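Data block below; observations after.
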Amino acid sequence: MSGFIPLSVPNFGEKEAAYAAEAITSGWVSTSGAKVSEFEEALAAYVGMPRAVAANSGTSSLHLAAMAAGIHRGDEVIVPTLTFIAAVNPLTRYVGAEPIFIGCNDTLCIDPDAVEDFCANHCTLKEDGLYNNKTGARVRALGVVHVFGNMADMPRLLDIARRYKLILIEDATEALGTRYTAGPLAGKAAGTMGDIGCYSFNGNKIMTTGAGGFVVSNHADWAEHAKHLSTQAKADMLQFLHDEVGYNYRMTNVQACLGLAQLERLEGFVETKKARYDQYKAALDGVHGLRILPFKEESDGVRSNHWFYSLYLKDSGLDRDTVIAKLQEQGIQTRPVWALINEQADYPKNEAYALEKAQDYRKYIVNLPCSTNLTEQDCERVIAAVKNL
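Going by numbering that gives the first Met the number 0, 245 is the number at position 246 of the sequence shown; the sequence numbering is gapless.
Written out as structure tokens, the structure is:
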């Protein structure tokens, strides 16, 4: 890469072109090609699950998960406020449920202490589930996002979900390649430990199909239902009979071909992400009050995918938006972290708890370039520009 350094772009090569060309020349370009099933099998094997259900986006994957999990109108779902809005809308508004927003801890993931406090002190546990004392609604599920590929505290969150009778939905849309390497969950991939999990292949993800996603579940019937819903809920393929409201959430054969090629390169992408993260951290951490926010690492029993890198400005005296603008002037694309979802237009009346750290990180994080084809020289150029701010 030379000239402009983008934030995060796809890394395609000859293999992706060859695989996609195979689909095009065969004529199987839509959703019926054999490569979709082949990709699903490869994904399931990679994350260590019996089945994967391919979809056309991470958002649709989460919508399928919510429906398969039986979340309905009037239910409430505990969700993080520091995340992309597509992590919350499908689990709540799409199915008529309401969110309960919880802040983050220093991993940027949902704070288990705050989740426990809400369940223990703001709810009543009954035989059939957890009920919100304020609204009287049943709190049906807990949505957990592995933010920027950093593993959330799954042992604690799984325990909370079990004790309070909550469905746990894992959003691993940013965390393909992240897994536990030690401890009670050793070998478990992000997205595979809750009741149902979702992934994304958006263009900025660690691997991409342009757009796409997939669903896995520890309940075989949930995965089957997700597949059924994704194909317009056809009960009889020949006679066009449908047994419920379904959706056109299927992945295309061309996308699956891209995915198969990308999956073969994924471990190399993870290695590159780690190398560039280490380079940023060694050069910038502690310089002029700057910090590169940490990921859980092997010493924590986790192999992280290091998807997005976060420069933390609080102790530097630098203004976030000024930093972004000055780096853009030098041909370096960065961005702020997401605006908190409880402050978005559709959600101001929803309950929100333990927001202090989320508000702090929203104000002081700048995400640095992190493409899987970002070179060592590109990274040095970014480092020099940051040091000269």
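Glycine residues also receive a C-beta, built at the ideal position from the N, C-alpha and C atoms.
A quick note: this is a predicted structure, and the numbers were derived from the prediction, not measured.
Beta strand (DSSP E) segment containing residue i, residue limits
{"i": "Ser309", "result": "308-311"}
{"i": "Ile101", "result": "97-101"}
{"i": "Asp235", "result": "233-235"}
{"i": "Phe213", "result": "212-216"}
{"i": "Asp170", "result": "166-170"}
{"i": "Tyr198", "result": "195-199"}
{"i": "Glu75", "result": "75-79"}
{"i": "Val365", "result": "364-367"}
Span of the alpha helix (DSSP H) around residue i
{"i": "Asp320", "result": "319-328"}
{"i": "Pro154", "result": "153-162"}
{"i": "Trp221", "result": "219-229"}
{"i": "Val46", "result": "33-46"}
Simplified DSSP state of residue i, which is helix, strand or coil
{"i": "Thr271", "result": "helix"}
{"i": "Leu265", "result": "helix"}
{"i": "Gly57", "result": "helix"}
{"i": "Asp127", "result": "coil"}
{"i": "Phe147", "result": "helix"}
{"i": "Val381", "result": "helix"}
{"i": "Tyr352", "result": "strand"}
{"i": "Val286", "result": "helix"}
{"i": "Pro9", "result": "coil"}
{"i": "His121", "result": "coil"}
{"i": "Ala51", "result": "coil"}
{"i": "Met0", "result": "Confidence at Met0 is low in this model, with a pLDDT of 46, below 50, so its placement is unreliable and the value that follows should be read with caution. Reduced to three states, the DSSP call for Met0 is coil."}
{"i": "Tyr248", "result": "coil"}
{"i": "Leu257", "result": "helix"}
{"i": "Val28", "result": "coil"}
{"i": "Val138", "result": "strand"}
{"i": "Val114", "result": "helix"}
{"i": "His62", "result": "helix"}
{"i": "Ile291", "result": "strand"}
{"i": "Tyr179", "result": "strand"}
{"i": "Ala86", "result": "helix"}
Residue i and residue j closer than 9 Å at C-beta
{"i": "Phe11", "j": "Leu257", "result": "yes"}
{"i": "Ile168", "j": "Ala282", "result": "no"}
{"i": "Ala357", "j": "Leu81", "result": "yes"}
{"i": "Gly57", "j": "Asn304", "result": "no"}
{"i": "Ala96", "j": "Gly128", "result": "no"}
{"i": "Val385", "j": "Leu289", "result": "yes"}
{"i": "Arg395", "j": "Ser199", "result": "In this structure the chain extends from 0 to 388, so residue 395 is not present and cannot be described."}
{"i": "Thr207", "j": "Pro9", "result": "yes"}
{"i": "Ile77", "j": "Val94", "result": "no"}
{"i": "Tyr163", "j": "Cys103", "result": "no"}
{"i": "Trp306", "j": "Ile166", "result": "no"}
Nearest-angstrom Cα separation, counted from residue j out to residue i
{"i": "Thr230", "j": "Met150", "result": "31 Å"}
{"i": "Met0", "j": "Gln329", "result": "For Met0, the predicted model reports a pLDDT of 46, less than 50, meaning its position is unreliable; a value from the coordinates is still stated below. Their backbone Cα atoms lie some 15 Å apart in a straight line."}
{"i": "Val146", "j": "Leu237", "result": "42 Å"}
{"i": "Val138", "j": "Leu156", "result": "15 Å"}
{"i": "Cys378", "j": "Leu228", "result": "43 Å"}
{"i": "Asp194", "j": "His287", "result": "44 Å"}
{"i": "Leu339", "j": "Ile84", "result": "9 Å"}
{"i": "Met48", "j": "Ala86", "result": "22 Å"}
{"i": "Tyr130", "j": "Ala344", "result": "26 Å"}
{"i": "Asp277", "j": "Phe294", "result": "11 Å"}
{"i": "Leu141", "j": "Glu13", "result": "41 Å"}
{"i": "Cys197", "j": "Asp220", "result": "16 Å"}
{"i": "Glu297", "j": "Arg178", "result": "10 Å"}
{"i": "Lys325", "j": "Leu354", "result": "29 Å"}
{"i": "Val52", "j": "Glu173", "result": "17 Å"}
{"i": "Tyr308", "j": "Asp284", "result": "12 Å"}
{"i": "Ser36", "j": "Ala222", "result": "14 Å"}
{"i": "Thr24", "j": "Tyr18", "result": "10 Å"}
{"i": "Arg361", "j": "Leu240", "result": "48 Å"}
{"i": "Asn120", "j": "Ala160", "result": "15 Å"}
{"i": "Thr30", "j": "Ala171", "result": "24 Å"}
7 Å Cβ shell around residue i - same chain, five flanking residues per side excluded
{"i": "Ala181", "result": "Gly300"}
{"i": "Tyr363", "result": "Tyr311, Leu312, Lys313, Arg319"}
{"i": "Lys34", "result": "Ala22, Asn252, Ala255, Cys256, Leu259"}
{"i": "Ser315", "result": "His287, Gly288, Leu289"}
{"i": "Tyr346", "result": "Pro98, Ile340"}
{"i": "Val389", "result": "The structure shown does not extend to residue 389, since the chain is modelled only from 0 to 388, so the question has no answer here."}
Cβ-heavy atom distance, residue i to the ligand FAD, below 8 Å
{"i": "Thr106", "result": "Of ligands this structure carries none, so the ligand FAD is not represented either."}
Beta-carbon contacts of residue i that lie in its chain and below 8 Å, excluding the five residues immediately before and after
{"i": "Asp242", "result": "Ala232, Ala234"}
{"i": "Ile323", "result": "Thr333, Arg334, Pro335, Val365"}
{"i": "Ile382", "result": "Gln278, Tyr279, Ala282, Leu283"}
is_contact[residue i, chain C] using C-beta, thresh 9 Å
{"i": "Glu342", "result": "Note that chain C does not occur in the displayed structure, where there is just one protein chain."}
Close Cβ partners of residue i (< 6 Å) along its chain, the five nearest in sequence each way excluded
{"i": "Trp337", "result": "Phe83"}
{"i": "His218", "result": "none"}
{"i": "Ser59", "result": "Tyr248"}
{"i": "Ala225", "result": "Val52, Leu63, Ala67, Val214"}
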